[in-house]
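For reference, the structure discussed in these notes is given below.
There are 2 protein chains.
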Amino acid sequence: MSSSMLLRSLRLRGYFGSCGSASALPRRFYQTDTMTGEVVALPNIQPDRLQYTKTEKPRTPPPSKSLVFGHTFTDHMLTIPWSSLEGWGAPKIEPYGPLSLEPSSTVLHYAQTIFEGMKAYRDEHGNVTLFRPDMNMKRMNTSAARVALPTFDSDALLQLIKKLIHFERDWIPKEPGHSLYIRPTMIGTQKFIGIAPPSEALLFVICSPVGPYYPDGFKPIALYGTTEYIRAAPGGTGAYKLGVNYAPGVMPQKHAAQLGYTQNLWLHGPEHYLTEVGTMNLFVVLKKGDAIELVTPPLDGMILPGVTRDSVLSLARNHVSGNYKLPNLPNLIVSERPITMNEVQEAETSGNLVELFGSGTAAIITPVNRIGYLGKDIHIPTGEDGMGPVSRPIWTELVGRQMGSIPSEWSVPVTA
Amino acid sequence: MSSSMLLRSLRLRGYFGSCGSASALPRRFYQTDTMTGEVVALPNIQPDRLQYTKTEKPRTPPPSKSLVFGHTFTDHMLTIPWSSLEGWGAPKIEPYGPLSLEPSSTVLHYAQTIFEGMKAYRDEHGNVTLFRPDMNMKRMNTSAARVALPTFDSDALLQLIKKLIHFERDWIPKEPGHSLYIRPTMIGTQKFIGIAPPSEALLFVICSPVGPYYPDGFKPIALYGTTEYIRAAPGGTGAYKLGVNYAPGVMPQKHAAQLGYTQNLWLHGPEHYLTEVGTMNLFVVLKKGDAIELVTPPLDGMILPGVTRDSVLSLARNHVSGNYKLPNLPNLIVSERPITMNEVQEAETSGNLVELFGSGTAAIITPVNRIGYLGKDIHIPTGEDGMGPVSRPIWTELVGRQMGSIPSEWSVPVTA
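Residue numbers (our numbering), protein chains in the order written: chain Z, 475 to 890; chain B, 475 to 890.
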């Protein structure tokens, strides 16, 4: 089908509403042809085409105390099909259930899958909010482009996710520290085993009620400074939230567990630059004379641009600039810079290693008390509550903003 | 369930035949617990439990001339489920059709998928053979271990694949250069979104009749010497046949195509070592004084141990040692050694670049006539038939052995 025929066909099917000519089309109806790079007019995600099918077997959400992360899913899911000929199809909120995938589906062979992790919170007044969801939508588009999956209108998907959350609002646990974990996922569903941009894809969003990651207070974890395996490398995919970054980490994690450590500390290069912790971003806190330095590796193409990472940096920088002082937080230097294991070791020896923690959507902040590195253990201070002088006030502020007890623009209301 | 209970339950279910005691169990019934590393007794793949369900809608194989690689699948597929509690379940040959996968299936989120590519050939007498299938089975087990998927008895899976091919033998095209492409795949089907060794998996095998990759003779391809993206890195997964190695290559391939090249030439490190070509292994042929050197990068952890790569090396080495002289092949030096772009450039300048080709199951040998590198093109000689003095006799021998016109141990009969 030629472009002009296609445009005509889409116009005939009413995709463009009252816009008669191609030049008057709203921007959201354009997208890049994944095969040619050409910008063509195909339907983008259209919230007003949403169809609802209610489950005939509604379930009662389980008691919040019984929740195990990622094991329970709500009654409904959102699905949006895409094809290279038709663009994005009608979104559906439908009963949660198995997907029917051809054995030749490209995701099953070549791992064309991307995902996001977000949380919906219910505040003490029953209001439901999302935390910085625009960042997840933006990152999901970046991830899609990296593995030649279709990009989409971020606002449109966010509208639909809000509708799904509102539809499933009875599944959001009420207890403090609990939330509804939202998992937007996109997979290549093309039915040919050729290594190429998929001609078909499916975007789906599932929801899982979750409890606090550390129900009994913070438990600092031990890391294995991993020199045998890598998570990412320059020119690779470490900066994108792709399925392919996760499967290869499972076996190294088993290896670390066998050695008595909880997670891998992923290192890079002969200098052993610190990059990430398990599936979290990484922060190191160092004493520098009279000052305290909060260090995290820069977004150099190997580091996932985490929403929690960005939030920690933003809170710390606002504190430094005096825009918004956090109680009990010392004066800081905030550094996005490379840091080596050698520097961490020297800081331990000189007594300048203040704390080290991971950041991520699932656990928010995860303190670290030990790193196994080249046969020796580096010990890292933690307070009686498991945390440190920088992570504690930042965590308090972050959780307050997420749960709605501290008002902020990061908290976005979910309404009907 | 405790180990002893499990053993008892398995004995009760007749898994161990006449072996009464655990110590007398045949080796194949043991496997490594992916969680603990402990060796436990769980059922391995058992060909004698195979169940057949014949399709009610048998189709007629399409004309061989119409075949497009990976687009047509036969009437049946082989499936074998696995769970961490039950081990490998009953294999089934059943109608080809969609898999029902929970949206939470770990393969859809974290890319726990591995695969193999094999071909079944039908010789002029109607005999059906596989080419070195033991190598695929061995590699698939190595791949499984790398992403914490279950390992299995190679002989048992091969028996079942042979049964599937025999069942589908009418789908093997008769024309020379045609074959039945076999795609064994294993995916993590655990229904929780946790990053861990999957507690459930599915092994399936699908078959696709294919024509020759170059139906009109060899068409040399142009490569883009890629410095922006990588395929693999030390400590990564390049040496394993995992889905995760493929999705990240699609976008760089699009980029290469936009620049006028067919495939990526994957380079490594600041020295720009040559590693692989698209999804193929790589060979370079150089004039060295009076001798000819056949070079391929060593299996250093970044290179896929290709079956065709190994076959090319083996034929060349047997020729060198005089075990088995290939007609029209010059005397060779065979080198598995690192080779840089600088060396290739210098060989072009000095007139010592003889040929360069990719090797793989799909296309067997793919000659290269041009490499775009840092803004310039390196030109590589090819003969009138598209090939070179080393690839031509090796290709002839290889295809003869695959199709059965040259008898060899590499060709393994498929019978009922």
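Heads up, the beta-carbon is just placed ideally off N, CA and C, and yes, glycines get one too.
Here residue 544 of chain Z is actually not in contact with residue 661 of chain B; their C-beta atoms are around 18 angstroms apart, not less than 8 angstroms. Boundaries around residue 795 of chain B are those of the alpha helix (DSSP H), 781-795, since no beta strand (DSSP E) includes it. Listed in chain order, the beta strand (DSSP E) elements of length 3 or more contained wholly in the segment 537-618 of chain Z are 550-557, 566-569, 573-575, 587-589, 592-596 and 602-605.
For the segment 574-589 of chain Z, residues whose beta-carbon sits nearer than 7 angstroms to a beta-carbon of chain B comprise 574, 575, 576, 577, 578, 581, 582, 583, 584, 585, 586, 587 and 589. One thing to note: residue 680 of chain B has its Cβ within 8 angstroms of the Cβ of residue 551 of chain B. Within chain B, not a single residue places a beta-carbon under 9 angstroms from that of residue 815 of chain Z; the smallest gap is close to 15 angstroms. Against chain B, the CB of residue 702 of chain Z has a partner CB under 8 angstroms away; the residue lies at that interface. Distance check between residue 536 of chain Z and each of Z:647, Z:567, Z:605 and Z:638 places Z:647 closest, using alpha-carbon atoms only. Of all residues in the segment 528-553 of chain Z, only 543, 544, 545, 547 and 551 place a beta-carbon less than 7 angstroms from a beta-carbon of chain B. Following the DSSP letters along the chain, one finds residue 633 of chain B inside the alpha helix (DSSP H) bounded by residues 628-641. Scanning chain B for C-beta atoms nearer than 7 angstroms to the C-beta of residue 724 of chain Z yields 621, 622, 669, 670 and 671, reported in chain order. Contact annotation, residue 738 of chain B with residue 722 of chain B: C-beta distance approximately 11 angstroms; criterion of less than 8 angstroms not satisfied. Fewer than three beta-carbon pairs drawn from the segment 685-696 of chain Z and the segment 587-601 of chain Z are found closer than 8 angstroms, and the two stretches are therefore not classed as touching. DSSP places residue 740 of chain B in the uninterrupted beta strand (DSSP E) bounded by 737-742.
Between residue 606 of chain B and residue 785 of chain B, the C-beta spacing is below 8 angstroms. According to the DSSP assignment, residue 882 of chain Z belongs to no alpha helix (DSSP H), since it is labelled neither H nor E. In chain order, 547, 548, 549, 550, 551 and 680 place their CB closer than 7 angstroms to the CB of residue 570 of chain Z, counting only its own chain and leaving out the 5 sequence neighbours on each side.
Taking a contact to require three or more Cβ pairs closer than 8 angstroms, the segment 864-872 of chain Z and the segment 699-709 of chain Z do not qualify as touching. Cβ-Cβ distances below 7 angstroms link residue 713 of chain B to 773, 775, 776, 777, 778 and 779 in the same chain, with the five nearest sequence neighbours on each side left out; the list follows chain order.
Taking the Cα positions, residue 653 of chain B is about 17 angstroms away from residue 881 of chain B. At a cut-off of 8 angstroms, the C-beta of residue 791 of chain B has no neighbouring C-beta in chain Z. Contacts with chain Z at 8 angstroms (Cβ-Cβ) include residue 718 of chain B. The beta carbon of residue 792 of chain B lies closer than 7 angstroms to those of 798 in the same chain, with the five residues before and after it left out. Residue 766 of chain B places its beta carbon less than 8 angstroms from that of residue 864 of chain B. Annotated three-state conformation of residue 525 of chain Z is strand, per DSSP. Look at residue 661 of chain B: its C-beta is under 8 angstroms from a C-beta on chain Z. Note that the segment 518-525 of chain B touches the segment 619-628 of chain B; at least 3 beta-carbon pairs, one per stretch, sit closer than 8 angstroms.
DSSP places residue 729 of chain B within a helical segment (H, G or I) once states are collapsed to three. With respect to chain Z, the C-beta atom of residue 558 of chain B has no partner C-beta closer than 8 angstroms. Excluding the 5 residues flanking it on each side, residue 642 of chain B has same chain C-beta neighbours closer than 8 angstroms at 548, 549, 550, 654 and 681, in chain order.
None of the residues of the segment 807-835 of chain Z has a beta carbon lying less than 8 angstroms from any beta carbon of chain B. Of the candidates Z:827, Z:866 and Z:889, the residue whose Cα lies closest to the Cα of residue 804 of chain Z is Z:866. DSSP, read as helix, strand or coil, puts residue 823 of chain B in helix.
Closest in alpha carbon position to residue 592 of chain Z, among Z:675, Z:604 and Z:582, is Z:604. Per DSSP, residue 861 of chain Z lies in no beta strand (DSSP E) segment and is marked neither H nor E.
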